[in-house]
Structures are given as structure tokens and as C-alpha cells.
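These notes concern the structure reproduced below.
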Amino acid sequence: MESCDPCFTLPDKLSTYLRRGRVADTRSIHGVALKIGCLLSSTFLSNNLLYAYASTSVNDAYQLFDEIQHPNAVSWSIINSAYSQQCRIKDVVLVFSRMQQSRVAPNMFVFGSIFTGCTRARDLRTGIQVHCSAAKFGFSNHTFVAGTVIDMYARCGELGDSWRTFIETSDKDVVCWTTMITGLVNCMQSESLDSALRLFNEMISRGIWPVPMTFLSVLKVFDNPAKLRQATYVHGCMVKLGIEVDGPLGSGFISMYGRCGKVDEAIRVFDRMDNDVVSWTSLLVAYMQNGLYKEAANLFQKMTKEKLNIDSFVVASMVGVYSALGDLSMGRELHAYAVRSDIFSDVSVGNSLITLYGKCRRIVVAERVFQVMKDRDVISWTAMMTCYSQNDHGKQTLLFFRQMLREEQSPCVFSITTAIQACSTITNLLSGEQMHARVVKMGFTANLSVENSLITMYAKCGSIYSSFTIFDSMSERDLISWNAMITGLSRHGLVKQALGLFDQLQKLDMKPDEFTFIGVLASCSRGGLVAEGWEYFNMMTEVYGLKPGMEHCGCMVDLLGRSNKLHEAMEFIATMPFEPDCLVWEAMLASCKVHGDAELAKYAAKKMLEMKPEDVSPYISLSTVYAFMGFWDKKGSERDKMRSRGLQKEPGKSWVDASLCSEAMNEREAERVAVNSKCDGEGEEFIVSC
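Note that full-length UniProt numbering has the sequence shown beginning at 1, numbered continuously upward.
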């Protein structure tokens, strides 16, 4: 009977073995087929064996393929697919050429497998050539082939050709629509994301119902809270279609709600699904994105209790959480876990540990982490530079940037802005100008973050004209640009110009933030503009709905104090909605020192010492007030109190540029001035003890 024919029973057994994972029995069936002599006569059996070998050894599959007497289109498709899966495009082209020489017409699966291989290998040139062949054989408009062509062009960066193929395909199925949406989303540009969402809506309007993969792609469009309403529409559409939220799709919804700032919805999705490590990680990231670091820490503890597989991404994320919380002890525990689990070799873990130790002021440990890292990327170097910069080591930041260039590491925008900020920290105009020149050389002059950093740097280094030149030449300005320029003008005492710039900002319908008003109130303080200061302070809440912070209150205290309205300043402090910090009392004490009010100075100094008993400045300021008023005995008493507590005034320091020393003094005088200071001979500053 035909059912007992080995040519039909052997493929059934072969399929059974493959489903059970018994790949080793493929050779046994191959041997039986050769022994009974049915292999060479049955293309059907040969194709099944060919498929089995293709999943294990492509070379064995090709050897068997050469022994098939009459390979059909299925045979060619299988061997082509095997080579495509391993990105062996040259072999794919060779097999395709042999197929054409054998006068076997390729089918849609042959072209589909070739386009898939070109996509995996990112071989656009071969893909274009095969696309021409597909058009020649009449398959370019076929739905299955069109889907693979659309995907190939999109993944190879030719989104225009991908869209053109999509438009020219007359009979588009859900795979074509999903592939085109995925290509637009993966481009990650605002225009392409909007196009993807429009395509999704058009797809539904034409009655083509999306599948889970469609939703998984379109969810990536919603990347900020402004798109929450559209995100909920897509979620409702999926519920209406009866698609179950589970697995990757559930994790996608958790991530989407996290990006849109709706953490409570992310938790609801998480609670309704069978969770795996991906969904746990998605919720963890959602907590982090919304600043819920304590909740993220609690969730991580639950993950450890569930004995989930903690990978390098989770460890790097949690190090970032403990970095934000300033929890050094938990960060160290994760460091130890990463070393024990052999996860420390992952570059993202090392980068996050450098950031953690930098924020916790453990510079030496951060340096050790950087040194033992096997693989370093530009983020590693930038994290180490940020570590130095955050801890007021501007000179080390610039030296490290120089070392980065010597190691032939291409700096990114963040490393460049960090180096510029270091020039601001050490107020070295020459180093800042050198960094500006390097920025021009690297082609970053049009970058908004770099331009903002240069504005701040020049203002802090005393060249306000250069700051304004950059600001005036900017093709695009954000609120940070205006804040930097207003603050820079205020710092240089250009009060009218700073307030005029604020008026221009308002005319542009840009909403100022808290930092804007700090610069404005500081300008009023330096200019003694009490009435204007009160006007701007009230404008924060009445016009823009901003809640004044400690810095704004400190500016008002400084403004009133400088204008000799000391009692009014004390009344303002009494009505503050929060307890004044040390900076507020320091501003008050400085005003009392200027205007010689001993009683209020004593009260302000007392408040400062309650917060910082180790601070020497209240004793110095109060003794200066007593000396100004002729109370020499009280001045001596304050000095005695300071010495009895073991406090000592630090010697004053001045910044002297090395190049100015060499020009203004002879070599012997410059050597005397530069004693106990260090310089590498490239115009760096000296710290000279007075």
C-alpha cells in the first residue's frame, strides 16, 4: 500500500524526531533511505532530509543538495534559506545563479529567503539586484515578497525605497502594513513616528485588523506624556479586538505607560499578566523614568525574592537607582554581585558604577572601576569626566579629556560639554577658548547643548561679549540658552541688559522656569531694584504658577538686605513657607556686615552656627561687624570662641595666569610667585597662597 511506502513513512518519522529534538537520528534515516534505495528516486524525501540538515549543518545540507537528481523549487528554496539564515550572501547568490542556469523558475519563497538574508547581512547592493530579478519574474508585487523587500530597505536605512515599495504593492496584507510601521518606528525621528501612527490609523480605517506584532511596533511611538491620549486609544483598540495582553506585548504596554508618565496604568497592566523577567524589568524602568527610585528599589527586592534571572541591564539600572538615591552601601552590594555573577564585564554596568561612585564622592573607587574595565566606550570616558567635574576637579577633567583624545576616542556631545563646564569651574579663559576651537574643528558648533555650555563658560570666565556673540548667532535657542545669557549678564552687573533680555523672552511666548527667575531676581539684587524685585517675585506665582524655592527667597533676602531694609528682610524670612537654609542666613549676615547692624548680625550668625557648627565664616563676619562699630572686646571674644572650637580661617587664595606671570615679571619673580604650584606649561592657572 502507498501508506507503507518508505518514501512517505520516513519523512513522517523524520518530522517526529525533529519535533522531539532528536537531530542525531537524521543521519540514521538518511542511511536507511540510501540502503533501501528510495532516496535518489524521491524528491519529497530528499527535501525533508535537506530541511533537517539545514537546521543543523549547512555544509551537510549543501552536500545532500548536490546529490539530489531532480531538485525542484522547494529544494532550491530550502538551501537558499539555510544560507540566508547564516548571512552567507555570496553562497546565496551562487545558489540563485545555479538555479537560473538549471532553468528552475524561482518561487516567492526563494526570493523571500534571499531578501531576508540580505536584511540580516545589511547587504543593500545584493538586495537591489535580487529585487530587479524579482520584478523580472513578476514577483515584485507579490504580497509575501513585498513584505520582505519593505523590511530589507527599511533596515538598510533606505526608508524612501521601503515606502515606495509599500505604495506600489497593490494587495497589501497585515504583514506589509506592520513591516512598514515597524520601519518608520525604528527610524526614531519625530516625522517618521507621526507617519507610523497615521499609517496605523489608515490601516484600521481600511478594515485591516492589526496583530500583536503591529501593536508592539506602534507602542514605541508614544514616548512622552503629551501622547498619552493617543496611547490609551491604541490600548482600547487592542482590547476591542480581543487580543490578550501578555508576554512581549504586555511588557511593551508597561514601557509605553512608563514613558508617558502613567505609572499607575503600567502597574495595572503588570498585575493582570503572567509576569516574566522582561515585564519586571519594564516596570522597573518605568519607575526610574518617573523618578520613583524608592519604588524601584522595593521592586528590585521583590525580583530577588522571586529568584528571577538578574541580567546586566537590571544591575546597571539598579546602580542608577541607588546613584539617584545616594545609597552607596546598596551600590557596593550590587558591585559585589556583578563581580560574583561575571556581569561586571558588561560595559553598561561599569559605566553606571562610575556614575554611582562619582555622585557619592568616591573618586578613587571610580578610577579603579574605570581602570579594571576591559571594554570602554565613549560613555565610560564621559562618566569618568563627569565624576571629576561633579567633585570640583576641573583640571583633572580637562587632563582626562586630553587623555581621551590621545587614546583616539571620538568624544560625544556630553564629553565636550563636560570639558567646557570644567573650564567654567576653574574660570580659565584660555582653556575655554582652546575648547571652543576644538568644538569648531569637530563640527559641533551648531549643537544646542554645546552652544549653551559655551555661553556659560565665557560668562563665568569674564568674557561676556563672547557669550553674547554666541547667543546672538544661534539659529535656535531653547530656554536654557536664555537662562544662561540672563544669568551671565546678571553676574557681570549688566542689570538693565539682563532684565531687557527677560522682557524679550516673554514677548516670544516662552514660559520662564525657576532658573530664569533666579537670574532675574539676582539682577534686581545687584541693581538694588527693590520694587522690580517684588514685582518679579510675585509674577512667579501669579502669572506663571511657579512656586518660589529657597534660591528665590535667598535672592529676595539679599535684595532687601543690600537696600538696607534689614527688618523687612527679617519679616520676609519669618513668612517663608519653609525653614530658611544656611544660604539665606548667610545673605542676611552679609547685609548686616555691610550696614553695621550688630544685633541682627549676631542673630543671623547664631542661626548659621546651628546648621553648620563647623563653619568659620559666621565668626569672621560677626567679628568684622563688631570691629566696624568699634566693639573691639566683642571682636576679640568672637575670635576666642572660634579658636576654642578648633576652627581656623583658611588663607586667602588668588588665581594668577601663568602666561601673565611670565610677561609681567622676570623669571626669578615668576618662580617666587609660583612656589608650591603646578603647571604643565600650557597656560594653566596657578594657585598662589597669600
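We put the beta carbon where it would ideally sit given N, CA and C, even for glycine.
CB contact flag (residue i, residue j, <9 Å)
i: ASP346; j: SER323; result: no
i: GLY488; j: ILE464; result: yes
i: GLY258; j: GLN289; result: yes
i: ASP194; j: VAL211; result: no
i: SER380; j: ILE420; result: no
i: MET180; j: ALA154; result: yes
i: VAL378; j: GLN409; result: yes
i: THR143; j: THR169; result: yes
i: CYS412; j: GLY432; result: no
i: PRO580; j: LYS607; result: yes
i: LEU546; j: GLU514; result: yes
i: ALA569; j: VAL557; result: yes
i: LEU505; j: TRP534; result: no
i: PHE111; j: VAL130; result: yes
i: VAL319; j: VAL349; result: yes
i: residue 746; j: THR214; result: Lying outside 1 to 690, the shown extent of the chain, residue 746 is not represented and no answer is given.
i: PHE96; j: ASN107; result: no
i: SER282; j: ALA316; result: no
i: THR516; j: PHE537; result: no
i: ARG438; j: ILE455; result: no
i: VAL584; j: GLY554; result: yes
i: GLY261; j: PRO225; result: yes
i: TRP177; j: MET203; result: yes
i: residue 694; j: SER563; result: What is shown of the chain runs 1 to 690, which leaves residue 694 out entirely.
i: TRP280; j: MET256; result: no
i: VAL269; j: ILE254; result: yes
Secondary structure of residue i, DSSP reduced to three states
i: ARG206; result: coil
i: ASP5; result: Note that ASP5 scores a pLDDT of 48, beneath 50, so its modelled location is shaky; the value from the coordinates is reported in the next line. In this structure, ASP5 counts as coil in the three-state DSSP scheme.
i: ALA264; result: Going by the sequence as given, residue 264 is Asp instead of Ala. In the structure shown, ASP264 sits in a helix (DSSP, three-state: H, G or I).
i: LEU508; result: coil
i: LYS395; result: helix
i: LEU292; result: coil
i: CYS187; result: coil
i: ALA446; result: coil
i: PHE414; result: helix
i: LYS240; result: helix
i: ARG477; result: coil
i: TYR233; result: helix
i: GLN86; result: coil
i: ASP274; result: coil
i: THR425; result: helix
i: GLU579; result: coil
i: LYS593; result: helix
i: SER463; result: coil
i: PRO225; result: helix
i: PRO212; result: helix
i: VAL269; result: helix
i: LEU546; result: coil
i: GLN409; result: coil
i: MET457; result: helix
i: ILE68; result: coil
i: LYS441; result: helix
Delimiting residues of the alpha helix (DSSP H) encompassing residue i
i: TYR357; result: 347–359
i: HIS131; result: 124–136
i: ARG103; result: Segment: none, ARG103 is in no alpha helix (DSSP H) and carries neither H nor E.
i: LEU219; result: Careful: LEU219 lies outside any alpha helix (DSSP H) and carries neither H nor E.
i: ARG562; result: 550–562
i: ARG164; result: 159–168
i: ASN141; result: Run containing ASN141: none; DSSP gives neither H nor E here.
i: GLY250; result: 247–259
i: residue 695; result: What the structure shows of the chain is the stretch from 1 to 690, and residue 695 is not part of that stretch, so it cannot be assessed.
i: LEU494; result: Unbroken run through LEU494: none, as it is neither H nor E.
i: ASN538; result: 530–542
i: ILE518; result: 514–527
i: LEU566; result: 566–574
Check: residue i C-beta below 8 Å from any heavy atom of the ligand MG
i: LEU589; result: Of the ligands one can find in the structure shown there are none, so the ligand MG has no counterpart to examine.
Problem - Sequence ranges, alpha helix (DSSP H) only - wholly within the region 295–346, length at least 4 - result: DSSP runs (the alpha helix (DSSP H)) wholly in the region 295–346: 312–325, 328–340.
Problem - Every unbroken alpha helix (DSSP H) inside the region 363–407 [4 residues or more] - result: Segments of the alpha helix (DSSP H) lying fully in the region 363–407: 363–372, 378–390, 394–406.
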